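Residue numbers for the sequence shown follow the working numbering, beginning at 5 and rising by one. Okay, structure first, notes after.
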Amino acid sequence: MDLDRSRIDYLVETLNHASAAYYGGKEEIMSNFEWDALFDELVELEEKTGFVRNDSPTHQTSSSPDTDEEIGMEEPHEYPALSLAKTKKIGELQQWAGDRDIWLSWKLDGVTLVVTYDNGLPVKILSRGNGRIGKNLNHLIGSVKGIPDRIQYMGHLVVRGEATISYDDFERINDELSEDGNEYANPRNLVAGTISLDKSNVAVVKDRAVTFNAFTLVHLDSPLVSWGARLDFLDKLGFITVERERTEAEKLPSAIERWTQKVESNKMRIPVDGLVINYDDTDYAATGSVTGHHATRAGLAYKWADVSATTTLKEIEWSCSVSTITPVAIFDPVFLEGTTVSRASLCNISELKRLGIGENGKTVIEIIKANKIIPKCVRVIKKEGAYSVPSECPVCHAPTEQVQNSKSGTITLRCTNSECPAKHLKRFVRFVSKEGMDIDGLSTERLKVFINKGFLEVFSDIYRLHAHRNEIIELDGFGGKSCENLLAAIEASKHTTPAKFIYSLSIPLIGIDAATKIINTLGSAAFYARVEQGASFEDVDGIGAEKSNAIQTWFRSASNRTVYEALKEILEIEEAEPAAAGGRCSGLSFVVTGEVSGPFKNRDALKKYVQQEGGTVKGSVSAKTDYLINNNINSNSGKNQDAKKYGIKIISVDEFIRLFGQPQ
């Protein structure tokens, strides 16, 4: 018994320490796989001995950051934000559902927030805290996507949801943060760290695209019993709600299989770590009892059974990205949850030490897919040899240095050369982006690989990738067909517009809007002439002295001019005349989404017409947008929801033509 209690003490303290780091947005101490294994062991020991510590994680709700650094005063929840009981067995889900109608939805991997509205306005945002008391985060009002500034409901409304950051935004933000060694282990940690920022950083919260995904309507004054109808009501009010499917116990196995396949096929935009079932009858759900911190009928979470594979480590590859050189495990391929994997990030030097990894071709490791998506090494089963940290950068061969983060203590490896091509990854990402050269298939990860292989040093090298065709075909994730598709996309991108060309150069302060204004005002010939003369662009409306100076400074650099001239030799850049003064779209701002039909063969053709007629085209809807063009006017897309929130008119392509004409 003493041994069991001693083990319980160890498990409780270890799990709570790991949870504090996980929910506090700090460096992750252990993977979900490891945490679940220790948690399951604790549950068995507590059942065996009957001894449960007051601070046991089996009887506590997961909490949001609760440190001295978090801003906001503590406040009690109007309705307790209790956690859900969890299971890994579909049979237990079916037993819980019984013969009642239920809803299946995602268990999102983010931070739970509770938002309260009165008289159509958001009046309070609370973190989940311990489920009964949370932290006031009212400074986030207006900064988190998915929390409408105003709703068409004047009563008292309380909604609970998950704040998340998408995988794409996580990658973008982490690339920026890595320059200072402050990158995060996963999107969930980044969300936790972001919402903990004080009110002077609300612009950062907005830039990081933190999104509130409503998963339950806790209270409204009007009678509405159905859980599904409540979520539909939130949709109509302009909230972003969790994806859901109405089902019943006997259909759960097939439904769960379908939903699981979505995750395994990498179709998820935001992180999920399981599924949830809820009773449709919310009155019935409210009659359950509370066990520990779980409301027995409020919902039941399903976590996928852990699947792992053992394999032999072949080598540790060091991959340079931005300023961080990351160790990557290369191992004998294993088939894991629908795909074959042969590499997994080892994150940093601190993680190598934690795992106690060896490197000589005989080390045996255990691999999982974190949240069924990201390959991760969770354990060293048999260690042989020792890893070595490279003394020079694998890309430019400059000396490396080990840097320890002052907050987390994490040790990372960096390249000391400020001009290392890998440090300009963001510029390559911008160059190939949709607003830039629009090269489909050149993802950030592929760009990293090509830079590390020495294929890319400057932008024009992209148009010489065909010389590496045989090497690319042999790379992990490639093959003959995907290589040919990529090379075809690169070739097609040679034909471009002047504004996209200017944007792709990564001139500081010159985004696609500024580039478009310059071309619409001057035309392409005058732009090139001013570049040659070193002339000012201050006379272009919306450019001003700062942006004009940025352009002139960029072109005064000999290396930048070399990049510019090389691209002009390779690309087929359209000629553009100044936009007609007093054009039909003059002074108006448009956003174009969805399929385009009629005289415009695609969205780019429609955008080009708007710009030629003196209008501007933005990528996202804001309060300054005049029209959203979408043939599916009644869709529930994010852009349509934003347009409704801001009271912006949504028009079809046919209505656009009626109002603003078409090319002759």
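We put the beta carbon where it would ideally sit given N, CA and C, even for glycine. Since the model is a prediction, treat every value here as computed from it, not as a measurement.
Check, Outcome
"The region 106 to 124 touching the region 268 to 283, judged by at least three CB pairs closer than 8 angstroms", "yes"
"Local conformation of D630 per DSSP, three classes", "coil"
"Inter-stretch contact (C-beta, 8 angstroms, three-pair minimum) for the region 507 to 515 and the region 546 to 558", "yes"
"Integer-rounded CB distance, given that T597 should sit under 8 angstroms from L632", "7 angstroms"
"Inside the region 75 to 144 only - alpha helix (DSSP H) runs reaching at least 4 residues", "94 to 101"
"Residue from I369, I494, H143 with nearest C-alpha to S204", "H143"
"Supposed close pair I652, V625 - CB separation, criterion 8 angstroms", "6 angstroms"
"Contact the region 40 to 49 vs the region 96 to 106: 3+ CB pairs below 8 angstroms", "no"
"Coil, strand or helix - T414 by DSSP", "coil"
"At least three beta-carbon pairs within less than 8 angstroms, the region 361 to 375 to the region 302 to 322", "yes"
"Start-end ranges of the beta strand (DSSP E) lying completely within the region 570 to 646, minimum 3 residues", "593 to 596, 620 to 622, 631 to 633"
"Segment contact, 8 angstroms Cβ cut-off, at least three pairs: the region 198 to 217 with the region 255 to 266", "no"
"Coarse secondary structure for K438, derived from DSSP in three states", "coil"
"Cβ shell of K504 (< 8 angstroms), same chain only, five flanking positions each side left out", "E439, G440, M441, D442, I516, A519"
"Which of helix, strand or coil DSSP assigns to L161", "strand"
"Three-state secondary structure assigned by DSSP to Q408", "strand"
"Local conformation of R662 per DSSP, three classes", "helix"
"Contact test: I511 Cβ vs the ligand HEM heavy atom, cutoff 7 angstroms", "With respect to small molecules bound, the structure shown includes none, and the ligand HEM cannot be examined in it."
"When L224, N282, T264 are compared against W231, the one with the closest alpha-carbon", "N282"
"Coarse secondary structure for T557, derived from DSSP in three states", "helix"
"Cutoff 6 angstroms; reference L359; Cβ partners in own chain excluding five residues on either side", "V384"
"Inter-stretch contact at 8 angstroms, needing at least 3 Cβ pairs: the region 299 to 318 / the region 132 to 152", "no"
"7 angstroms CB neighbourhood of S395 in its chain, flanking five on each side removed", "P403, T404"
"Minimum C-alpha distance to G124 - residue among S131, C419, Q98, Y157", "Y157"
"Run of the beta strand (DSSP E) containing P379, from where it starts to where it stops", "378 to 386"
"Test item: CB-CB of K649 and D153 under 8 angstroms", "yes"
"G462 - DSSP class collapsed to helix/strand/coil", "It is Val, not Gly, that sits at residue 462 in the sequence shown. V462 falls in the coil class under three-state DSSP."
"Cut-off 7 angstroms between Cβ atoms - residues of its own chain near E45, not counting five sequence neighbours on either side", "L15"
"Nearest to I466 (by Cα), restricted to the options T501, K376, L429", "L429"
"Reduced DSSP category for E363 - H, G, I as helix; E, B as strand; rest coil", "coil"
"Residue of A580, T91, D630 minimising C-alpha distance to Y532", "A580"
"Counterpart residues of D285 in DSSP-defined beta bridges", "S230"
"Three-state class that DSSP yields for K373 in the structure shown", "strand"
"Buried versus exposed call for K521 [16 or more other C-beta atoms within 10 Å across all chains shown]", "buried"
"Cα-Cα separation, R607 to N634", "10 angstroms"
"The region 346 to 353 in contact with the region 367 to 387 per 3-pair CB rule at 8 angstroms", "yes"
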